[in-house]
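Number of protein chains: 2
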Amino acid sequence: MKLYDSDWAPNPRRVQCFLAEKGVTIPRIHVDLKSGAHLHADFARINPLHRVPVLELDDGAHISESVAICRYVEEIHPEPPLFGRDARERALVEMWNRRVELGLFSHVGAAFRHGHPGMAVAEQPQIKEWAEANRPKALDAMRFLDRHLDGRNWLLDDYFSIADITLLVAFDFMKAARLSCPDEYGALIAWRDRIGARPCATAR
Amino acid sequence: MKLYDSDWAPNPRRVQCFLAEKGVTIPRIHVDLKSGAHLHADFARINPLHRVPVLELDDGAHISESVAICRYVEEIHPEPPLFGRDARERALVEMWNRRVELGLFSHVGAAFRHGHPGMAVAEQPQIKEWAEANRPKALDAMRFLDRHLDGRNWLLDDYFSIADITLLVAFDFMKAARLSCPDEYGALIAWRDRIGARPCATAR
């Protein structure tokens with residue numbers, strides 16, 4: 023098994039955070055996004071959508087999409103469970119993971135891809151107005167998450183899950199999008215301090 | 023258990039398609055989106071994000087996000103399995119479900135929300151240029167799916183999964199976005215004919 027991976031992009035980081043919480047290491051093959059290695063015709067065999075990360079299984083199958091890779095890792099390394107411990111909790115993890123993806127991560131990503139000069143070639147057409155429209159939506163998502171986290175350790179109370187990892191990656195990716203968490207969202211900032219002490223926070 | 027639901031929106035349809043393939047019925051409470059019933063302060067108790075569908079469990083917990091609801095139904099009604107039958111297949115189902123969501127569904131949704139005059143009040147700001155930018159991206163996704171489906175019955179070969187349900191809902195939602203599948207994508211059109219004979223196709 024090996025993982026096609028890159029240094030700085032948020033989705034590869036999600037998988038590395040997940041592996042760090044599992045205490046699992048998978049051999050990594052570095053794909054240099056800056057030189058466009060993922061766009062090469064040879065890479066289409068690994069992922070026809072030309073994106074990382076991709077997990078290659080020993081039978082040659084390729085699993086792309088970060089959450090699909092994490093789900094496979096959960097199956098082969100069940101402890102500690104990060105997708106929930108029973109039917110109800112697994113559904114709530116899926117719900118919170120998606121709320122963070124759709125509510126915060128997607129808006130931060132759009133603000134970055136459509137607003138950052140360094141993305142002008144990769145994102146065609148780059149629409150500044152769309153970048154700007156996503157900034158208040160990201161702030162709305164932060165307010166929603168701040169209110170939810172008030173009085174809770176993690177998104178699912180005392181249970182740490184992949185939804186917190188998604189939030190960590192989205193939160194830290196705000197810097198690239200020139201967004202930041204307003205001081206008034208104290209519960210969200212305290213959550214970021216708390217997760218900073220976990221194995222996932224330093225995974226790269 | 024009961025399901026807060028609406029008539030015409032694509033995400034509630036996803037859950038109904040899933041239930042139809044399971045042969046399961048859950049009592050439905052109709053939420054009238056056109057009169058804005060989901061925006062009412064009372065509805066925040068059910069889903070603070072003011073969206074349907076939402077599954078209410080007997081213990082009072084609320085599960086929103088279509089795929090989270092489907093995952094819960096899969097846990098309590100495992101047959102037939104629609105999220106995969108083993109670790110490898112479950113990862114591939116997650117991958118294909120996300121490829122359809124991110125590759126087609128999100129672009130169709132953006133073309134609709136930012137392009138349709140009927141969405142001008144709900145989608146603030148409505149950005150026509152963003153709607154237009156999503157139309158060729160939806161076409162790219164159709165070409166990718168057409169090539170993949172060539173020689174296959176379903177997205178995962180002979181195994182029918184939730185990823186096919188997501189594609190059905192995204193495909194049919196194209197009409198609302200004034201998009202259509204070009205005739206040259208014969209494998210995708212044949213797939214739509216094939217799924218048309220299944221229980222999910224007529225679920226509402």
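Going down the list, the sequences are from chains Z and C.
My numbering numbers the first residue of the first sequence as 23 and each following residue consecutively.
My numbering numbers the first residue of the second sequence as 23 and each following residue consecutively.
The C-beta atom is built at its ideal place from N, Cα and C for all residues, glycine as well.
Computed from a prediction, not measured in an experiment: that's the story for all the values here.
Check	Outcome
Proximal residues to leucine 190(C) (C-beta, below 6 Å), its chain only, five neighbours per side dropped	Ile217
Limits of the alpha helix (DSSP H) - the one that isoleucine 217(C) falls within	208-217
Inter-residue Cα distance where the pair is glutamate 97(C) and glutamate 111(Z)	11 Å
Residues near isoleucine 91(Z) in its chain [Cβ-Cβ closer than 7 Å; skip 5 each side]	Val37, Pro75, Leu77 and Ile85
Chain Z contact residues for arginine 36(C), given Cβ-Cβ distances below 7 Å	Those do not exist, as arginine 36(C) stays about 13 Å from chain Z at its closest Cβ, beyond 7 Å.
From Glu145(C), Arg50(C) and Gly140(C), residue whose alpha carbon lies closest to that of leucine 79(C)	Arg50(C)
DSSP-derived helix/strand/coil call for histidine 52(C)	strand
Reduced DSSP category for aspartate 179(Z) - H, G, I as helix; E, B as strand; rest coil	strand
Three-state secondary structure (DSSP) of aspartate 27(C)	strand
Chain Z residues whose Cβ lies nearer than 7 Å to that of proline 147(C)	Ala155
Cutoff 9 Å: tyrosine 26(C) Cβ touching any chain Z Cβ	no
Beta-carbon neighbours of tryptophan 213(Z), restricted to chain C and to distances below 8 Å	What tryptophan 213(Z) touches in chain C: nothing, since even the nearest Cβ is about 17 Å away.
Range covered by the beta strand (DSSP E) that runs through valine 76(Z)	76-78
Close-in-space but distant-in-sequence residues of the same chain around alanine 199(C) (CB under 6 Å, 5 per side omitted)	Val130, Ala133 and Phe134
Given 8 Å, three or more beta-carbon pairs between the stretch 34-48 of chain C and the stretch 200-209 of chain Z	no
For histidine 62(C), three-class secondary structure by DSSP	coil
From Gly173(C), Ser88(C) and Ala83(C), residue whose alpha carbon lies closest to that of alanine 31(C)	Ser88(C)
Within 9 Å, strictly: CB atoms of alanine 185(Z) and tryptophan 118(Z)	yes
Any C-beta of chain Z under 9 Å from that of glutamate 226(C)	According to the sequence as given, residue 226(C) is arginine; it is not glutamate. Answer no: the Cβ-Cβ gap between arginine 226(C) and chain Z never drops below 9 Å.
Serine 86(C), DSSP secondary structure in three states	strand
Min CB distance proline 170(C) to chain Z below 9 Å	The sequence shown places histidine at residue 170(C), not proline. It does; some Cβ of chain Z falls within 9 Å.
Option in Arg107(C), Asp194(C), Asp168(C) and Leu25(C) with minimal Cα separation from valine 53(C)	Leu25(C)
Cβ pair alanine 192(C), glutamate 123(C) closer than 9 Å	yes
Nonlocal neighbours in the same chain, by C-beta distance under 6 Å from histidine 99(Z), ignoring five residues either side	Lys44 and Val46
Histidine 138(C): CB within 8 Å of a non-hydrogen atom of the ligand ATP	Ligands displayed in this structure: none; no statement on the ligand ATP is therefore possible.
Residue from Ala83(C), Gly58(C), Lys56(C) and Leu55(C) with nearest C-alpha to isoleucine 68(C)	Ala83(C)
Histidine 72(Z), enclosing alpha helix (DSSP H) - first and last residue	That residue, histidine 72(Z), is in no alpha helix (DSSP H); it is neither H nor E in DSSP.
Any C-beta of chain Z under 9 Å from that of tyrosine 207(C)	no
Limits of the unbroken alpha helix (DSSP H) element including isoleucine 184(C)	184-195
Contact check, methionine 196(C) vs alanine 142(C), beta carbons under 9 Å	no
Contact belief for leucine 210(C) with leucine 171(C) at Cβ below 8 Å, rounded distance in angstroms	6 Å
Cutoff 9 Å: glutamate 43(Z) Cβ touching any chain C Cβ	no
Any C-beta of chain C under 9 Å from that of serine 183(Z)	no
Against chain C: residues of the stretch 112-126 of chain Z by CB proximity under 9 Å	Arg112, Ala113, Leu114, Val115, Glu116, Met117, Trp118, Asn119, Arg120, Arg121, Leu124 and Gly125
Three-state secondary structure (DSSP) of isoleucine 149(Z)	coil
Run of the alpha helix (DSSP H) containing proline 204(C), from where it starts to where it stops	No alpha helix (DSSP H) holds proline 204(C); DSSP gives it neither H nor E.
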